[in-house]
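Report on the following structure.
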Ligand SMILES: [Zn+2]
């Protein structure tokens, strides 16, 4: 049991319910020369707070372990949002919803974690949008498209500086960002200050009940410090005089929740929010019970995946990995899948090619290598959240009898 206090409410009621053991940093891909050097490992364990209900990593990894400045002091990050067409459409829809529902008089929009501008470029008036992005290499791409982007981390201090320069904002958006923020209280103070009285703060993050339902334990890694339910988020917002007034489930990343919040009383609560909260109550998301079930399921999953992959290998089949995703690092290390079973991992991100995966050191190759390799029988799909797109892209592999393996909800060969 942990002696750590809850990082949100500081109570001593944090209960550890799942431990993965020592895990490497999920995006810390290695060059060949570093393979025999010591890697950074930390104890990846997850806890549930009985008071504020926040599910959280017990030990956190400092940002500088995964957003590393280069020789010129520029920060670089491994993920370019616009490489996915499906995500581009998804963010397009969100931008239009925000515009039609909240920006009736062309008010300003701020995006935290604006990446390469994938969402802000969908807004009609680029004069009114501002992005904040800590990674210089991706922010530059947005800037080149005329989207003003500050290379920085959002904080209360940054919010104050922006307000002085530009005033307040009607809408603040952040997708797949809030779950990465270590000091959520400082972050929320900044949000409260920077939105105007009718301002909305809209987040989208993987939804904890979906993770429990799908057994997608690989959504838990060093960058994902928090796993949110509407219940735990409500408690957090309440501490900052804000409240959730609407929510909408999204079919991305295996189930995300789009959460609309505002200063208390600014908007009426929607019936669909009430119905999600009702489901959370029924599934006892505010008690330790569903998390203990999850722990049992995750352990069974580990054993089954390892048995499936190793069984095929022992039959003489050739297996590789598909996509060197951060999530995959967790699956490989937790289920003990190394280069002895997966010959390589195919990934379309140019700068990952030629590197090795954290912990297990599986070589990463370009999709060309995978496409020319007619001996591959099975590819373990680590980017299962892009499965539809990938299936469409890899028709040739499937046509010649190649098959994909996914690890959740149950490890299985996709037929
Ligand atoms: Zn708490």
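Residue numbers (the working numbering): -14 to 400. Glycine included, each C-beta is placed from N, C-alpha and C at the ideal position.
Is DSSP giving residue i helix, strand or coil here?
| i | result |
| --- | --- |
| residue 385 | coil |
| residue 235 | strand |
| residue 72 | helix |
| residue 99 | coil |
| residue 155 | strand |
| residue 252 | coil |
| residue 19 | helix |
| residue 392 | coil |
| residue 83 | helix |
| residue -13 | Low per-residue confidence applies at residue -13: pLDDT is 48, beneath 50, and the placement is therefore not dependable, though the value from the model is reported in the following sentence. In this structure, residue -13 counts as coil in the three-state DSSP scheme. |
| residue 212 | strand |
| residue 335 | helix |
| residue 329 | coil |
| residue 204 | helix |
| residue 4 | strand |
| residue 182 | strand |
| residue 78 | helix |
| residue -4 | coil |
| residue 397 | strand |
| residue 342 | coil |
| residue 260 | helix |
| residue 268 | coil |
| residue 243 | strand |
| residue 116 | strand |
| residue 150 | helix |
| residue 160 | strand |
| residue 360 | coil |
| residue 89 | coil |
Please check the pair residue i and residue j, which I expect to be a contact at CB under 8 Å, by giving their CB distance rounded to whole angstroms.
| i | j | result |
| --- | --- | --- |
| residue 326 | residue 193 | That belief does not hold up - the Cβ atoms of residue 326 and residue 193 are roughly 31 Å apart, past 8 Å. |
| residue 178 | residue 93 | 14 Å between Cβ atoms; not a contact. |
| residue 385 | residue 359 | 7 Å |
| residue 156 | residue 83 | 5 Å |
| residue 399 | residue 391 | 6 Å |
| residue 180 | residue 154 | 6 Å |
| residue 195 | residue 265 | Between residue 265 and residue 195 the Cβ distance is about 12 Å, and since that is not below 8 Å, they are no contact. |
| residue 393 | residue 85 | Not a contact, Cβ separation roughly 36 Å. |
Would you mind reading off the limits of the alpha helix (DSSP H) that contains residue i?
| i | result |
| --- | --- |
| residue 354 | 352 to 357 |
| residue 194 | 193 to 199 |
| residue 13 | No alpha helix (DSSP H) holds residue 13; DSSP gives it neither H nor E. |
| residue 293 | 274 to 299 |
| residue 177 | 169 to 179 |
| residue 457 | Any answer about residue 457 is impossible in this case: the structure gives the chain only from -14 up to 400. |
Looking at the secondary structure, which residues open and close the beta strand (DSSP E) in which residue i lies?
| i | result |
| --- | --- |
| residue 26 | 26 to 34 |
| residue 364 | 363 to 366 |
| residue 319 | From DSSP, residue 319 is part of no beta strand (DSSP E) but of the alpha helix (DSSP H) over 311 to 319. |
| residue 132 | No beta strand (DSSP E) contains residue 132, which DSSP labels as neither H nor E. |
| residue 375 | Note, residue 375: premise wrong, no beta strand (DSSP E); alpha helix (DSSP H) at 372 to 378. |
| residue 42 | 40 to 42 |
| residue 304 | 304 to 307 |
Any C-beta of chain C sitting closer than 8 Å to the C-beta of residue i?
| i | result |
| --- | --- |
| residue 399 | Note that chain C does not occur in the displayed structure, where there is just one protein chain. |
Cβ pair count under 8 Å reaching 3, the stretch 222 to 229 against the stretch 169 to 184: Touching, per the Cβ criterion.
Could you name the residues, in chain order, whose CB is less than 6 Å away from a heavy atom belonging to ligand 1? Per the CB criterion, closer than 6 Å to any heavy atom of ligand 1, the qualifying residues run in chain order as -9, -7, -6, -4, 34, 36, 37, 39.
Within 8 Å, do at least three Cβ pairs link the stretch 282 to 298 to the stretch 309 to 322? Three or more Cβ pairs drawn from the stretch 309 to 322 and the stretch 282 to 298 lie within less than 8 Å of each other, which places the two stretches in contact.
Taking contact to mean 3 or more Cβ pairs, one atom from each stretch, closer than 8 Å, check whether the stretch 270 to 280 and the stretch 236 to 243 are in contact. No, they do not touch.
Do the stretch 353 to 373 and the stretch 300 to 307 meet, that is, are 3 or more Cβ pairs less than 8 Å apart? Touching, yes.
Is the stretch 129 to 147 touching the stretch 103 to 112, taking contact as three or more C-beta pairs under 8 Å? When C-beta atoms of the stretch 129 to 147 are compared with those of the stretch 103 to 112, three or more pairs fall below 8 Å, so the two segments count as touching.
Could you say if the stretch 339 to 351 and the stretch 3 to 17 meet the contact criterion of at least three C-beta pairs nearer than 8 Å? Flag = yes, the stretch 339 to 351 and the stretch 3 to 17 touch.
Flag this pair as touching only if the stretch 194 to 212 and the stretch 111 to 129 have three or more C-beta atom pairs under 8 Å; answer yes or no. Because the criterion of three Cβ pairs below 8 Å is not met, the stretch 194 to 212 and the stretch 111 to 129 do not touch.
Okay, do the stretch 179 to 193 and the stretch 206 to 225 touch, 3+ Cβ pairs below 8 Å being the bar? Counting Cβ pairs under 8 Å, three or more are found: they touch.
Does the contact criterion of 3 or more C-beta pairs under 8 Å hold for the stretch 30 to 40 versus the stretch 251 to 264? The answer is no - the stretch 251 to 264 does not touch the stretch 30 to 40, with fewer than three Cβ pairs under 8 Å.
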